[in-house]
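Here the sequence shown is numbered in numbering that gives the first Met the number 0, starting from 0 and rising by one per residue. Glycine included, every Cβ here is placed at the ideal spot set by N, Cα and C. It should be emphasised that the depicted structure is a prediction, and the values quoted were computed from it without experimental measurement.
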Amino acid sequence: MPRFKPMKTKKAAAKRFKISATGKVMGYRAGKRHLLGHKSAKHKRRLSRKQALSPTHEHHIKDVLPFSHRG
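Here it is in structure tokens:
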């Protein structure tokens, strides 16, 4: 009888997202790679911080990170 093969962590997602202590998925916002000249310093600082993903996308990321046991 074949044994159950555990799911592997998707390393691309593991490098981009972290699970917070309360279980939220934290990631960086888009928009800070180029065309930065017209954006204010405050806007660029805000884009530098990790922010919580919307709950709509949260379950997709949690599916590909099976060993993140926080939350």
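Once the 5 residues before and after residue i are set aside, which same chain residues still bring their CB inside 7 Å of it?
{"i": "I60", "result": "A12, F16, V24, L52"}
{"i": "L35", "result": "K43"}
{"i": "P65", "result": "M6, T8"}
For residue i, which of helix, strand or coil comes out of DSSP?
{"i": "A20", "result": "coil"}
{"i": "A51", "result": "strand"}
Pull up the CB-CB distance for residue i and residue j, whole angstroms please, since I reckon it's below 8 Å.
{"i": "G26", "j": "K49", "result": "6 Å"}
Spatial neighbours of residue i within its chain, please: CB distance less than 6 Å, with the 5 preceding and 5 following residues excluded, ordered by chain position.
{"i": "V63", "result": "K9, A12"}
Quick one: does residue i have its CB under 8 Å from some CB of chain D?
{"i": "L52", "result": "Within the model displayed, chain D is absent; a lone protein chain is all it includes."}
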